[in-house]
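The structure appears right after this line, and notes come after that.
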Amino acid sequence: MSTRKILYVRSGPYKVNLNGYNLQEIGLGKAFCKKGYDFDILYYSDENKIELIDTPQNNLRILWCKGIRLLRSGVYPKILKKEFLKKYDYIIVSEYSQIMAVLLSGLHSNVYVYNGPYYNLFKLKLIEPIYDKLFVSVLNKRLKKIFCKTKMAENFLEKKGFSNTIPVGVGLDLEKYKKKEKIDVSTKTVLNKMQGHKNVLFVGSISKRKNVEFIIEAFIDYKIKNRQDRKTQLILIGKDSNRYKQYCKNLIPQELQESVLWVESLRNSQLKFVYQKTDLFLLPSKQEIFGMVLLEAMYFSVPVIASHTAGADMLIKTLTNGIIMDNYDYTLWSEQIKQLLNNTNLAKSMGENAHKTVSNEFNWNRIANKMEESFQ
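Residue numbers for the sequence shown follow this note's numbering, beginning at 2 and rising by one.
Written as structure tokens, this is what we have:
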């Protein structure tokens, strides 16, 4: 019997950094390789080349491919050929709103979509209703199944008229964190600054969507109301626009400037060393397709406080394995920060439950099993 083959097309016309972010496609690919499949992942690039990813069994390849950018959609003429596509048993495309979902489902009989967004991702709002009018009914007939990363994503698609959806979640590549790795010099610098402190952490882009200014406001409120606490500091890890970062910095009173540590970036594989020294993780994003950093923090038993976004809704049961806040009142967030920093038993229990949640329910092997059950 020949090996079954899957092609995963990440359609977005943006280059990805294999070291800088926890790429979902690679974790999913490894899980399918374990199950006996060969798995190819297409990523946007300015050159065509093939890169092999080391796996214990079967083949995991990255197909770096030149593409044409149409707003936020990518088109990849090189693979839009029946001769190329017929070697794959299954094709998975990221997002219904990517035109490649329409094109590929017209060329191959076994196409699936893995959809995350639960809000309009088009740059121009007028494009979404036009796109939906043209293609939703077509995709609903052609696609075998739409795998949804969250229940919110499923509800979003059902309202558009899709009927063949199933929520499967998102996973974490647990094996990646079990590999031995040396601590980088830059990571060591951060760890040294964490020593002897209680550390409140945020990881992500320093942006309005991530609501970094709100994190700072909640942290300032906590520090002002708990002046006796000189050990707690805020660590913000992520790249930024200088203008927004400066705006956030200007919110911090002079006497608290040294209590906020700004770290531009660390390799994703290095973050495990930081999570292990973290007391509390905050993610008050305004929108979050899932939030891989939530998965990461919870896996490392860090108690988390998050806004009510799609990933948090899937992951967190409040006061059991984390806290979901249904508001953006920084004084209420400040109270929760105080509770978790002071109540070590609650924080420990929450962290342990968070680790179990991710380990048992949100690993890629489990997600691959759910997808395979829907394969036709």
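Ideal placement from N, C-alpha and C gives every residue a C-beta, glycine not left out.
In the DSSP assignment, V213 falls within the alpha helix (DSSP H) that extends over V213 to K226. Listed as beta-bridge partners of T233 by DSSP are K199. If you draw a straight line from the Cα of M101 to the Cα of Y77, it comes to about 8 Å. Taking all protein chains in view, the Cβ of E265 is surrounded by fewer than 16 other Cβ atoms within 10 Å, so the residue is classified as exposed.
Here H309 has I325, M326 and D327 as same chain residues with Cβ atoms under 8 Å from its own Cβ, once five neighbours each way along the sequence are excluded. Counting every other CB atom within 10 Å of its CB across the protein chains shown gives G28 a total of 16 or more, marking it as buried. A Cβ-Cβ distance of about 16 Å is found for the pair L173 and E289, leaving them out of contact under the 8 Å criterion.
Cβ atoms of L262 and I236 come within 8 Å of each other, at about 5 Å. When beta bridges are read from the DSSP output, V261 appears opposite L235. Around the beta carbon of L342, 16 or more other beta carbons lie within 10 angstroms, which makes this residue buried.
The alpha-carbon separation between T188 and I131 amounts to approximately 47 Å. Listed as beta-bridge partners of L43 by DSSP are V10 and L64.
Burial is judged here by how many other beta carbons sit within 10 angstroms of a residue's own beta carbon; R11 has at least 16 and is buried. Minimum Cα-Cα distance from K83 among the listed residues D314, R62, S110 and I93 corresponds to S110. Out of A307, N361 and L320, the CA that lies nearest to the CA of N346 is found in L320. Two segments are said to touch when three or more pairs of C-beta atoms, one from each, lie closer than 8 Å; by this definition the stretch 129-146 does not touch the stretch 311-320. Counting other Cβ atoms within 10 Å of its Cβ, N269 reaches 16 or more and is therefore classed as buried.
The DSSP-derived three-state label of L135 is helix.
Only exposed fits Y15, as fewer than 16 other CB atoms lie within 10 angstroms of its CB.
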